[in-house]
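Under the working numbering, the sequence shown has 90 at position 50, and the numbering climbs by one with no breaks. Cβ atoms here follow ideal geometry from the backbone N, Cα and C, with glycine treated the same way. The structure under discussion appears below in the form of C-alpha cells.
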Amino acid sequence: AVFKPENVEDFYEIGEVLGSGHFGQVRQVRERATGTCWAGKFLKIRKNTCSRLGLDRSCVEKEVEILQAVQHPNIVTLKDVFESRAEVVLVLELVSGGELFDFIAAKENLLESEAIEFMKQILEGLSFMHSKNIGHFDLKPENIMLSDKVAAQPNIKLIDFGLAHHFYQGEEYKSTSGTPQYIAPEVINSEPLSTAADMWSIAVITYILLSGLSPFQGETDEETLRNISVMNYTFPPQYFNMTTSMAKDFIQKLLLKNPSERMTAEECLLHPWIKPMTRKQVAHRNRSSINMKN
Ligand SMILES: Cc1ccnnc1
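In C-alpha cells:
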C-alpha cells in the first residue's frame, strides 16, 4: 500500500502528546484546512529488518488495512495515512474522553447499570469486527476509550489495532503477544487463535469493571499466566456480594478453556445480563415474585 508522501505538517499542526505505547506516540493534530482536531499516531518504521527499533512496515500496512475494513460507531475511524523517511503517521478520529481504565480507577468500580452500558457498546463494536473475521487480540481497558467522559452515556471507541488479525478462510494464526492479565489460555499455549480469544478478554474486563479486581493477576507475569492456564479464579464475596448472579453467569460463560464453548459477541448481546428484559418479562418476574410472597 502507498501512503501519502507529503509531509504531515503541511496539512496538520502537531499538538500535545495524548498517549504513547509500544508503537510510538499519539499526538493531537489540528487540520489546517478546517481547524478540526484529530489524533496522529506516529509510528517509527525500522530501516531494515535486522534493526531492533521501530515496526516493520508490513505490520503498519496490516493495521491500516484492518482499520479501513472496520467502520463502526464504536471503533475509532482512520482518516489519512502519511509516510516520511522512517515514520508513518495514522490520522485517526480524536477520542478525547480518556481510557476506560482511568474512568474505572477514578470510581474504584462501576454500578452494574454503567458496566452493562459500556459492555453493550464494546460488544457492538466487537461483534461487527468478528462478523468480518477480524480479531482485536489486545482488548484491555487501556484500549477502550470514552468519546466524552462527562456525557451521561459516554460513547465507547475501541482503539489500537496493532495486534489485530484478519482471518482468511481456514488459515491458522498464532501470536504470543498481548497483555498477560487479559490473554486467553490458547494464546499462552501457542495454539491457533480465533475471535473467541477476544471473548476471554471481554470476561476479564467485565470482572474488573464490576469489582476493580483483576481475576488472574499474580505477583509476576509468570504467576498470572499460570493462574490463567489452570483457570484459577473466584468471585471473592467481599467484592462480589452486590453483583447479580446474571453478571457472574455472563462471566462464567466466557471464562471457558475451550474457545468454541465460549459465547460469541452476538450471543453475549442476547445474554439476560445485557439484553433488557421486555416489560412483559419484567411484569411476569414481578408477578411471580408476588406469588412467592402471598
Ligand atoms: C489515544 C487516541 C487514539 C485514537 N484517537 N484518539 C486518541
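Next item on the list: Would you mind sorting A3 into buried or exposed? The rule is 16 or more other CB atoms within 10 Å of its CB.
Entry: The structure shown does not extend to residue 3, since the chain spans only 41 to 334, so no value can be given for it.
Next item on the list: Identify every run of the beta strand (DSSP E) within the region 165-237, keeping only runs that are complete inside it and at least 3 residues long; order them along the chain.
Entry: 184-186, 196-198
Next item on the list: Please check the pair F275 and K293, which I expect to be a contact at CB under 8 Å, by giving their CB distance rounded to whole angstroms.
Entry: Taking the sequence shown and counting its residues from 1, one reaches residue 275 at position 235. Taking the sequence shown and counting its residues from 1, one reaches residue 293 at position 253. So it is not a contact: roughly 14 Å between Cβ atoms.
Note to self: Does W78 come out as helix, strand or coil in the three-state DSSP assignment?
What the structure shows: Here residue 78 refers to the residue found at position 38 when the sequence shown is read from its first residue. DSSP places W78 within a strand segment (E or B) once states are collapsed to three.
Checklist line | Status (buried if at least 16 other CB within 10 Å, exposed otherwise) for T216 | finding: The residue given as residue 216 occupies position 176 in the sequence shown. Exposed, because fewer than 16 other Cβ atoms sit within 10 Å of the Cβ of T216.
Check: Using the beta-carbon count (16 or more within 10 Å), is M303 buried or exposed?
Finding: Taking the sequence shown and counting its residues from 1, the one referred to as residue 303 is at position 263. Buried: at least 16 other Cβ atoms inside 10 Å.
Notebook entry, point to check: Whose C-beta lies closer than 6 Å to the C-beta of T219 among residues of the same chain, with five residues either side of it excluded?
Noted result: The residue given as residue 219 occupies position 179 in the sequence shown. Taken in chain order, the residues that qualify are K180.
Notebook entry, point to check: Thinking just about the alpha-carbon of each residue, which of L151, N183, K214, R72 is nearest to the one in N25?
Noted result: Given a span of 41 to 334 for the chain in the structure shown, any question on residue 25 remains unanswerable.
Checklist line | Span separating the alpha-carbon of V190 from that of I314 | finding: Taking the sequence shown and counting its residues from 1, the one referred to as residue 190 is at position 150. Taking the sequence shown and counting its residues from 1, the one referred to as residue 314 is at position 274. Distance between the alpha carbons of V190 and I314 is about 23 Å.
Checklist line | For R67, the three-state DSSP class (helix, strand or coil) | finding: One-based indexing of the sequence shown puts residue 67 at position 27. R67 falls in the strand class under three-state DSSP.
Note to self: Taking its Cβ as the centre, do 16 or more other Cβ atoms sit within 10 Å of Q221, making it buried, or is it exposed?
What the structure shows: Within the sequence shown, the letter at position 181 stands for residue 221. The residue is buried, with at least 16 neighbouring Cβ atoms inside 10 Å.
Margin query: Taking DSSP's pairing of strands, which residues face S60 in a bridge?
Written below: For the purposes of this step, residue 60 is taken as residue 20 along the sequence shown, with counting starting at 1. Looking at the DSSP assignment, S60 forms a beta bridge with Q65.
Notebook entry, point to check: S167 to M239, Cα distance in whole Å?
Noted result: As a first step, residue 167 must be located in the sequence shown, where it is residue number 127. As a first step, residue 239 must be located in the sequence shown, where it is residue number 199. Going by the C-alpha atoms only, they are around 10 Å apart.
Check: With respect to 7 Å, is the separation between the Cβ of M185 and the closest non-hydrogen atom of ligand 1 below this value?
Finding: Reading the sequence shown from its first residue, position 145 is the one you call residue 185. Indeed, a heavy atom of ligand 1 lies less than 7 Å from the Cβ.
Next item on the list: Go through its chain and collect everything with a Cβ distance to M271's Cβ below 8 Å, but skip five positions before and after it.
Entry: Residue numbering aside, residue 271 sits at position 231 when the sequence shown is read from its first letter. Contacts found: P225, L295, K297.
Next item on the list: Kindly list the residues whose CB is nearer than 6 Å to the CB of G165, restricted to its own chain and excluding five residues on each side of it in sequence; keep chain order.
Entry: For the purposes of this step, residue 165 is identified with residue 125 of the sequence shown, where counting begins at 1. So the list reads H112, N114, I115, L198, once near-sequence residues are dropped.
Item checked: Secondary structure, beta strand (DSSP E): runs of 3+ residues fully inside the region 281-325 -> none
Check: Where does V100 sit, in a helix, a strand or coil, going by DSSP?
Finding: Counted from its first residue, the sequence shown places residue 100 at position 60. Three-state DSSP puts V100 in a helix.
Check: So is the beta-carbon of E133 under 7 Å away from any non-hydrogen atom of ligand 1?
Finding: Residue mapping note: residue 133 aligns to position 93 of the sequence shown, counting from 1. Yes, ligand 1 has a heavy atom inside 7 Å of this Cβ.
Next item on the list: Please find out if some non-hydrogen atom of ligand 1 comes closer than 7 Å to the beta-carbon of G59.
Entry: In the sequence shown, the residue the question calls residue 59 occupies position 19. Relative to ligand 1, G59 has its C-beta within less than 7 Å of a heavy atom.
Margin query: Determine whether the beta carbon atoms of L249 and I144 lie at a separation below 8 Å.
Written below: By 1-based counting over the sequence shown, the position of residue 249 is 209. By 1-based counting over the sequence shown, the position of residue 144 is 104. Result yes, Cβ atoms of L249 and I144 sit closer than 8 Å.
Margin query: Please report the straight-line C-alpha distance between S269 and K214, rounded to a whole angstrom.
Written below: Within the sequence shown, the letter at position 229 stands for residue 269. Within the sequence shown, the letter at position 174 stands for residue 214. Going from the Cα of S269 to the Cα of K214 covers about 17 Å.
Notebook entry, point to check: Who are the Cβ neighbours of F43 in its own chain at under 7 Å, not counting the five residues just before and after it?
Noted result: In the sequence shown, the residue the question calls residue 43 occupies position 3. Only V121, F122, E123, V128 meet the Cβ criterion.
Next item on the list: Could you check what DSSP says for Y247 in three-state terms: helix, strand or coil?
Entry: Position 207 of the sequence shown holds residue 247. Reduced to three states, the DSSP call for Y247 is helix.
Checklist line | Between the CA atoms of Q161 and M185 - distance to the nearest angstrom | finding: Position 145 of the sequence shown, counting from 1, holds the residue named residue 185. Position 121 of the sequence shown, counting from 1, holds the residue named residue 161. So the two alpha carbons sit approximately 11 Å from each other.
Notebook entry, point to check: Between the region 257-265 and the region 194-212, do at least 3 Cβ pairs fall closer than 8 Å?
Noted result: no
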